[in-house]
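Everything below concerns the one structure shown next.
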Amino acid sequence: MNKWGAATFLGTVFLGFGIFLVVCLGSIDKVSSGPMSSKEKLGKWVWQKHGCVECHCLFGNGGYLGPDLTVITRKMPIERLKRFFSEPPVMRPAKRRKHPELDEAKADAMIAYLKFTAKINTQGWPPQPGYVLKKNSGETKGE
Ligand code: HEC
Numbered sequence: 049m050n051k052w053g054a055a056t057f058l059g060t061v062f063l064g065f066g067i068f069l070v071v072c073l074g075s076i077d078k079v080s081s082g083p084m085s086s087k088e089k090l091g092k093w094v095w096q097k098h099g100c101v102e103c104h105c106l107f108g109n110g111g112y113l114g115p116d117l118t119v120i121t122r123k124m125p126i127e128r129l130k131r132f133f134s135e136p137p138v139m140r141p142a143k144r145r146k147h148p149e150l151d152e153a154k155a156d157a158m159i160a161y162l163k164f165t166a167k168i169n170t171q172g173w174p175p176q177p178g179y180v181l182k183k184n185s186g187e188t189k190g191e
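Position 95, counted from 1, in the sequence shown is what the numbering used here calls 143; the numbers after and before it change by one each time, with no gaps.
Set out below in structure tokens:
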């Protein structure tokens, strides 16, 4: 290989590696929402302790009785969320069973945690408006 051949080869290798690095760093930046604060961590603990996952999903993982809560803080006003946790309603399919009640500190931590999950780039999860069941046909159709 002559001098120019070697220079072209090395140039291409370095350029390729440079592009690779830029793309990697760029994609890390898109998914990361920074480290969790201690309040957000407390909220995650409340989520686990009260078994929210039995009935709700985060990022599509969990129970399907209640709605997916990944981006709930973008859909429900924070004041309404707070009231929902401090004066929980009776759950719709049940006659008497109430939603878990959280004291103010736990409700605040839960909201902080749910705000954290809402910041993570989920590429559009949960899908909106999703699929609906056509009455009596047993088929699903996308809207
Ligand atoms: C036993 C099942 C169950 C558990 C456990 C549960 N939920 Fe729910 N949750 C539901 C159901 C069902 C609904 C829908 C109620 C309705 O529409 O009346 C709901 C609704 C909600 C809503 C309102 C969503 C909306 O779009 O209106 C929020 C917020 C919520 N739950 C948060 C939580 C959190 C946080 C926990 C844990 C502390 C939790 N839930 C535990 C079943 C549950």
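Yeah, the Cβ is synthetic: ideal placement off N, Cα and C, and Gly gets one too. On a predicted model such as this, the values are computed, not experimentally measured, just so you know.
For residue i, the three-state DSSP class (helix, strand or coil)
{"i": "K97", "result": "helix"}
{"i": "K143", "result": "coil"}
{"i": "L58", "result": "helix"}
{"i": "G111", "result": "coil"}
{"i": "C72", "result": "helix"}
{"i": "L129", "result": "helix"}
{"i": "L63", "result": "helix"}
{"i": "L150", "result": "coil"}
{"i": "E191", "result": "No answer about E191 holds up, because its pLDDT of 43 lies below 50 and its placement is not dependable."}
{"i": "L117", "result": "coil"}
{"i": "G53", "result": "helix"}
Euclidean distance between Cα positions of residue i and residue j
{"i": "P136", "j": "Y161", "result": "19 angstroms"}
{"i": "G53", "j": "F68", "result": "23 angstroms"}
{"i": "Q176", "j": "I159", "result": "22 angstroms"}
{"i": "L58", "j": "G66", "result": "12 angstroms"}
{"i": "I76", "j": "P83", "result": "13 angstroms"}
{"i": "R144", "j": "S85", "result": "36 angstroms"}
{"i": "W95", "j": "F62", "result": "47 angstroms"}
{"i": "P125", "j": "G110", "result": "23 angstroms"}
{"i": "H147", "j": "M139", "result": "6 angstroms"}
{"i": "E127", "j": "C72", "result": "39 angstroms"}
{"i": "V101", "j": "T60", "result": "50 angstroms"}
{"i": "I168", "j": "F132", "result": "24 angstroms"}
{"i": "G64", "j": "W93", "result": "44 angstroms"}
{"i": "K123", "j": "V70", "result": "34 angstroms"}
{"i": "A142", "j": "G74", "result": "47 angstroms"}
Contact under 8 angstroms by Cβ, residue i with residue j
{"i": "H104", "j": "L90", "result": "no"}
{"i": "G99", "j": "P174", "result": "no"}
{"i": "S134", "j": "L113", "result": "no"}
{"i": "A157", "j": "V119", "result": "no"}
{"i": "T121", "j": "K87", "result": "no"}
Whole-number beta carbon distance between residue j and residue i, since they are thought to touch under 8 angstroms
{"i": "K130", "j": "A153", "result": "With 8 angstroms as the limit, K130 and A153 do not qualify as a contact, their Cβ atoms being about 12 angstroms apart."}
Check: residue i C-beta below 7 angstroms from any heavy atom of the ligand FAD
{"i": "E102", "result": "Of the ligands one can find in the structure shown, namely the ligand HEC, none is the ligand FAD."}
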